[in-house]
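Asks:
Numbering (my numbering), first residue to last: 43 to 106.
1. Assign residue 103 to one of three DSSP states: helix, strand, or coil.
2. Work out the CA separation of residue 45 and residue 102 for me, nearest whole Å.
3. So residue 61 and residue 67 are supposed to be a Cβ contact under 8 Å. How far apart are they, rounded?
4. Measure from the alpha carbon of residue 47 to the alpha carbon of each residue in 77, 81, 57, 73, then state which is nearest.
See below:
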């Protein structure tokens, strides 16, 4: 058994072309299954965490 191991899964639920409903994706599934498990952390970025060109930020705000 290995102790002090780390495992990372990353992705963007908004960027899927396979499923029209993001709730069908594997990423959505794992976040919901493991999000409440002790010693499992889930971190979600929002728009203020992402550094972009100011013009791109203005355009994306129009789509929110």
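In this text, a Cβ means the ideal position worked out from N, Cα and C, and glycines have one as well.
Replies: To lay it out plainly:
1. As a working mapping, residue 103 is identified with position 61 in the chain shown. It is helical.
2. Position 60 of the chain shown, counted from the first residue, corresponds to residue 102. Position 3 of the chain shown, counted from the first residue, corresponds to residue 45. When rounded, the distance between both Cα atoms is 42 Å.
3. One-based indexing of the chain shown puts residue 61 at position 19. One-based indexing of the chain shown puts residue 67 at position 25. 5 Å between Cβ atoms; contact.
4. If you number the chain shown from 1, residue 47 lands on position 5. It is 81.
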